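Numbering (my numbering), first residue to last: 107 to 236.
Written as structure tokens, this is what we have:
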């Protein structure tokens, strides 16, 4: 299972067995990677992130690797059955929740000081050339 965004690929889980996933949440802050869990994989798990699937090679290794991407892009959840055992399953539902994390005040202050400094420098240069 891969989460894809405009060419960026994150391996969520690969090669799981059993009843697969029921109410599974992928979260970098989860205590355990999903490949250390056991079916039905209920609860929060870190995505596998690394590894090389039979279908696609991940280009990012954690959910944090998606930070900074425009959430309005094209998101795709890809599920592949790579086992030759002829068992079938169904994806009954999936949800992608995108949350923004507030920028700490000290970062905003630093950015503001930088912008004000750049504006003053630009104004000085403009005054010299006028």
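All residues carry an ideal CB built from backbone N, CA and C; glycine is no exception. Given the structure is predicted, the values throughout are model-derived calculations rather than measurements.
Start and end residues, beta strand (DSSP E) containing residue i
| i | result |
| --- | --- |
| residue 109 | 108-111 |
| residue 115 | 114-117 |
| residue 122 | Neither: residue 122 is in no beta strand (DSSP E) and is coded neither H nor E. |
| residue 128 | First-last for residue 128: undefined, no H or E at that position. |
| residue 182 | 181-184 |
Secondary structure of residue i, DSSP reduced to three states
| i | result |
| --- | --- |
| residue 155 | strand |
| residue 171 | helix |
| residue 161 | coil |
| residue 140 | helix |
| residue 195 | coil |
| residue 204 | coil |
Cβ neighbours of residue i in the same chain (closer than 7 angstroms, five flanking residues each side left out)
| i | result |
| --- | --- |
| residue 134 | 152, 168, 169, 170 |
| residue 132 | 118, 151, 153, 169 |
| residue 112 | 179, 180 |
| residue 202 | 181 |
Nonlocal neighbours in the same chain, by C-beta distance under 8 angstroms from residue i, ignoring five residues either side
| i | result |
| --- | --- |
| residue 115 | 108, 109, 162, 163, 164, 165, 166 |
| residue 140 | 118, 119, 122, 130, 132, 147, 151, 152, 153, 154 |
| residue 195 | 126, 187 |
| residue 204 | 177 |
| residue 157 | 117, 120, 164 |
C-beta contact flag for residue i and residue j at 8 angstroms
| i | j | result |
| --- | --- | --- |
| residue 129 | residue 148 | yes |
| residue 185 | residue 172 | no |
| residue 200 | residue 175 | no |
Neighbourhood of residue i by C-beta distance below 6 angstroms, restricted to the same chain and skipping five residues each side
| i | result |
| --- | --- |
| residue 143 | 151 |
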